[in-house]
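Chains as they are written, first to last, in the numbering used here: chain X, 1 to 345; chain P, 1 to 345.
Below is one structure, written out as structure tokens; the observations come after it.
Protein chains: 2
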Amino acid sequence: MRKIFLGAALAAIALPLSAQQPARPRSAPEIVKSAPATDWVSISPDDLLVMTLAPDAQGKPRQVILQLLPPPFSQGWIGNMKKLATAHWWDGGAIYRVQDNWVAQFGDPDEDTPQAKPLPAGLATVPESEYVSDIDLYVAREKVYSPAVWQKFYAKRAWQAKAKLYGGIEHIPLEELGHSSDNDGRGDGYAPETGFFEGWPIASNSEGYWPTHCYATIGVGRNNSPDTGTGAELYAVIGTPPRQLDRNIAVVGRVIEGIEHLSSLPRAPGNGMYNDKAKNTPIQTIRLASQLPQADQPRFQYLSTQSQTFRDYVQARINRRDSFYIYAAGSADICNIPVPIRRAP
Amino acid sequence: MRKIFLGAALAAIALPLSAQQPARPRSAPEIVKSAPATDWVSISPDDLLVMTLAPDAQGKPRQVILQLLPPPFSQGWIGNMKKLATAHWWDGGAIYRVQDNWVAQFGDPDEDTPQAKPLPAGLATVPESEYVSDIDLYVAREKVYSPAVWQKFYAKRAWQAKAKLYGGIEHIPLEELGHSSDNDGRGDGYAPETGFFEGWPIASNSEGYWPTHCYATIGVGRNNSPDTGTGAELYAVIGTPPRQLDRNIAVVGRVIEGIEHLSSLPRAPGNGMYNDKAKNTPIQTIRLASQLPQADQPRFQYLSTQSQTFRDYVQARINRRDSFYIYAAGSADICNIPVPIRRAP
């Protein structure tokens with residue numbers, strides 16, 4: 001069982017030449033590299049935030065690009081974030097908390113003090129129910145709403161069949177992920193089902209869908225329930241995926257470039273608060289990319305999670321084929337299948 | 001289902017006062033804090049490496065403490081590491097690779113070049129079979145070897161019953177971890193079973209046991225198979241647990257203090273190699289703690305993974321009870337249950 005790839009190569013030799021597979025199946029990076037241009041989906045500049053930090057100690061610029069979640073997820077907080085960016089509210093803010101194997105948090109370092117920066121008017125107060133979307137994703141995509149469809153949503157198996165027809169959530173059966181065999185049990189532990197929707201890792205149960213906390217996920221800082229935060233104070237995950245936060249806090253996006261400018265910052269002990277303004281990393285600006293001059297707008301693409309290329313990529317992550325590996329895990333958790341993202345060529 | 005802790009509090013009010021539970025169940029940190037002294041197990045200074053890096057840019061000292069795995073795991077490489085430390089081989093080495101969401105790697109920056117530092121004589125060449133231990137852990141603990149016991153090892157269910165009797169691997173049933181319901185299916189995807197052995201996260205199947213790759217895990221760098229590395233080049237995990245490396249590479253230990261000195265280092269692009277010696281972080285010394293003067297030997301303890309306190313801690317990680325949480329995940333993966341470790345009081 002150990003050297004499974006050597007075994008595959010030997011089997012190929014016994015086949016007629018025309019039927020031979022390549023000696024080594026393509027690795028995940030090779031699969032992504034060979035994706036046709038049509039498999040890459042442009043990310044709208046209206047879904048990107050460009051964060052410019054103060055230059056580092058060597059004077060090198062630091063830019064971090066955040067991608068925002070698409071509907072139906074977290075749109076209340078994301079609407080607030082777009083208002084905050086439009087108002088240039090974050091300019092002059094800071095990264096004020098970096099806790100190892102947990103998060104880098106940013107916004108107003110004076111939050112919860114008398115010096116707190118006033119928030120712009122008109123921010124929404126978003127309820128906890130928005131942590132989970134009960135919008136049927138295939139309906140969301142098709143923009144078709146009818147009572148009959150809603151009934152079907154609650155008949156889960158019927159919905160799954162429909163989802164395939166309508167091209168809803170790109171459901172990777174848990175068996176393919178190696179998470180269950182012949183039952184429909186507990187999935188990966190944190191959710192009965194996981195999959196991808198328009199380029200995002202999503203978990204679900206019979207009640208709805210929610211975005212998962214993985215490395216580089218952006219979420220909304222908050223105080224204790226029922227507060228859900230405004231979107232002014234944000235964190236980026238810089239360690240073990242904290243899946244226990246799923247459904248406890250608003251996921252609004254992810255860092256798609258420049259995460260190293262957050263993950264390599266000095267850690268502070270305890271909960272990671274620097275408690276010394278000299279240690280903060282100043283934020284010069286955070287801008288909605290669509291509000292930048294056209295020439296300055298970053299252009300990114302993600303690999304369509306509905307494409308065959310992506311399915312091949314998932315399989316290559318589940319059973320690694322790089323020459324380094326001698327043993328294929330036969331499994332991958334949703335946070336270990338990062339959706340490929342690139343600068344538009 | 002959402003505010004399950006509020007529900008628990010209301011239920012308590014209906015009980016007679018003497019039978020009342022605390023309004024809020026204890027959180028994982030509270031459980032650890034209240035552990036009796038007898039639940040803490042001393043870590044031998046012969047199982048600790050003390051790595052001293054060059055001071056940081058502000059002149060502050062940087063020390064990283066590594067704990068080595070106990071038998072029966074990875075002892076060939078660990079024997080080599082003790083020889084390398086005794087020979088002061090790492091002194092003058094460097095951290096020469098830091099790849100975001102992957103590893104910080106250290107050893108000889110001239111490895112694989114004509115300037116490579118010669119290794120001390122007498123290092124073992126360890127085979128790939130040592131990635132997995134087929135030693136029955138309860139037998140290892142009891143130091144009892146007999147043909148009858150070995151036969152029982154392969155009768156898995158019989159072994160599980162025995163393991164409880166003999167106090168072998170501290171098996172956390174996967175159902176308790178939320179990873180399966182009524183089958184003995186695929187476990188957490190990467191392994192049919194996970195648990196703890198003498199303070200370490202372990203995965204297993206019917207063929208044996210292996211240590212898992214979690215945040216701060218230390219492993220042995222290697223070239224392609226059949227090379228397994230000597231233990232001279234080491235990496236620390238600084239991102240998403242790379243469980244796909246399990247059984248593909250030797251796990252030898254973990255960072256138990258000072259991981260931030262590795263995880264906050266500047267990232268290099270691609271595979272993380274700095275390719276510029278000026279960017280390396282110099283290693284001043286790596287010493288086996290037992291070879292330091294008695295007064296300089298760090299004293300650490302881990303929370304016994306056989307204790308009731310630990311089992312309570314696991315349950316509190318599975319269903320978070322901190323006031324911050326409104327939704328309990330009902331599950332935790334093995335890398336999301338870090339074994340509590342502290343400086344000896």
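Glycine residues also receive a C-beta, built at the ideal position from the N, C-alpha and C atoms.
Practice prompt. Buried or exposed for Lys-60 of chain P, please, with buried defined as at least 16 other CB atoms from any protein chain shown within 10 angstroms of its CB.
Written response: exposed
Worksheet item: Once you ignore the five residues that flank Arg-247 of chain P on each side, which residues in its own chain have a CB closer than 8 Å to its CB?
Response: Tyr-131, Val-132 and Trp-210
Practice prompt. Determine the extent of the alpha helix (DSSP H) in which Gln-308 of chain P is found, giving its start and end residues.
Written response: 308 to 318
Worksheet entry | As assigned by DSSP and simplified to three states, the class of Ala-278 of chain P | helix
Worksheet item: Under the DSSP definition of a beta bridge, which residues are partnered with Thr-52 of chain P?
Response: P:Gln-63 and P:Thr-285
Discussion item. Check whether the segment 197 to 210 of chain P and the segment 220 to 237 of chain P are in contact - that is, three or more C-beta pairs closer than 8 Å.
Written reply: no
Item to complete: Could you confirm whether any beta carbon from chain P is found closer than 9 Å to the beta carbon of Val-242 of chain X?
Response: One point to set straight first is that residue 242 of chain X is Pro, not Val, in the sequence displayed. Yes, contact with chain P.
Worksheet entry | Alpha-carbon to alpha-carbon, Leu-288 of chain P and Thr-52 of chain P | 12 Å
Discussion item. Could you tell me which whole beta strand (DSSP E) segments of length 3 or greater appear in the segment 198 to 255 of chain P?
Written reply: 200 to 205, 208 to 211, 217 to 220 and 234 to 237
Discussion item. Let me confirm a value: Asn-271 of chain P is counted as buried when at least 16 other C-beta atoms fall within 10 Å, else exposed. Which label applies?
Written reply: exposed
Item to complete: Tell me, please, which residues DSSP counts as bridged to Phe-73 of chain X.
Response: Looking at the DSSP assignment, Phe-73 of chain X forms no beta bridge with any residue, so it has no partner.
Discussion item. Any beta carbon of chain P sitting closer than 9 Å to that of Ser-206 of chain X?
Written reply: no
Discussion item. Cβ closer than 9 Å: which chain X residues qualify as neighbours of Ser-263 of chain P?
Written reply: Asp-100, Asn-101, Ile-238, Gly-239, Ser-263, Ser-264 and Arg-267
Worksheet item: Given Tyr-215 of chain X, which residues of its chain have a CB within under 7 Å of its CB, disregarding the five upstream and five downstream residues?
Response: Val-237, Pro-241 and Cys-335
Worksheet item: Mind listing which residues of the segment 327 to 342 of chain P have their C-beta closer than 9 Å to chain X's C-betas, in chain order?
Response: Tyr-327, Ala-328, Ala-329, Gly-330, Ser-331, Ala-332, Asp-333, Cys-335, Asn-336 and Pro-338
Item to complete: Please name the residues in the segment 100 to 125 of chain P whose beta-carbon is closer than 9 Å to at least one beta-carbon of chain X, in chain order.
Response: Asp-100 and Asn-101
Worksheet item: In chain B, what lies closer than 7 Å to Ser-323 of chain P by C-beta?
Response: No chain B appears in the structure shown, which is made up of the protein chains X and P.
Worksheet entry | Residue burial classification, Arg-254 of chain P (beta-carbon count within 10 angstroms, cutoff 16) | buried
Worksheet item: Roughly how many angstroms lie between the CA atoms of Phe-73 of chain P and Arg-321 of chain P, to the nearest whole one?
Response: 34 Å
Worksheet entry | Straight-line gap, Pro-298 of chain P to Arg-62 of chain X (C-alpha atoms, nearest Å) | 38 Å
Worksheet entry | Whole-angstrom distance between Arg-24 of chain X and Ala-9 of chain X, CA atom to CA atom | Model confidence at Ala-9 of chain X stands at a pLDDT of 32, short of 50, so the residue's coordinates are unreliable; what they give is reported in the following sentence. Spanning the two alpha carbons is a distance of roughly 7 Å.
Worksheet item: Measuring CA to CA, which of X:Ile-337, X:Leu-66 and X:Thr-309 is closest to Arg-317 of chain X?
Response: X:Ile-337
Worksheet item: Whose Cβ in chain X lies nearer than 7 Å to the Cβ of Asn-248 of chain P?
Response: Tyr-325, Ile-326 and Tyr-327
Worksheet item: Would Gly-189 of chain P count as contacting chain X if we go by Cβ distances under 9 Å?
Response: yes
Item to complete: Measure the alpha-carbon distance for Val-64 of chain X versus Val-126 of chain P and round it to whole angstroms.
Response: 43 Å
Fill in: Closer than 9 Å to chain X by CB, Gly-7 of chain P
Note that Gly-7 of chain P has pLDDT 28, beneath the 50 cutoff, so the model's placement of it is unreliable and no number is given.
Worksheet item: Would you call the segment 308 to 317 of chain P and the segment 76 to 87 of chain P touching, i.e. three or more CB-CB distances under 8 Å?
Response: no
Worksheet entry | Coil, strand or helix - Ser-129 of chain P by DSSP | helix
Worksheet item: What's the C-alpha gap between Gly-330 of chain X and Gln-294 of chain P?
Response: 47 Å
Practice prompt. Please name the residue, chosen from P:Ile-43, P:Pro-345, P:Ser-323 and P:Tyr-327, that lies closest to Pro-29 of chain P on a Cα-to-Cα basis.
Written response: P:Ser-323
Item to complete: Taking only beta-carbon positions, decide if Arg-320 of chain P is within less than 9 Å of chain X.
Response: yes
Practice prompt. Give a yes or no on whether the minimum CB-CB distance between Arg-62 of chain X and chain P is below 9 Å.
Written response: no
Worksheet item: Using the C-alpha atoms, what's the distance from Pro-340 of chain P back to Tyr-325 of chain P?
Response: 21 Å
Item to complete: Quick one: using the 10 Å Cβ neighbour count with 16 as the cut-off for buried, is Trp-159 of chain X buried or exposed?
Response: Confidence is the limiting factor: at Trp-159 of chain X the pLDDT is only 40, short of 50, which leaves the residue's position unreliable, though a coordinate-based value still follows. Flag for Trp-159 of chain X reads buried.
Item to complete: Determine the contact status of Val-41 of chain X and Glu-198 of chain X, defining contact as a CB-CB distance below 9 Å.
Response: yes
Discussion item. If you reduce the DSSP assignment to three classes, tell me which class Ala-19 of chain P lands in.
Written reply: Note that Ala-19 of chain P has pLDDT 48, beneath the 50 cutoff, so the model's placement of it is unreliable and no number is given.
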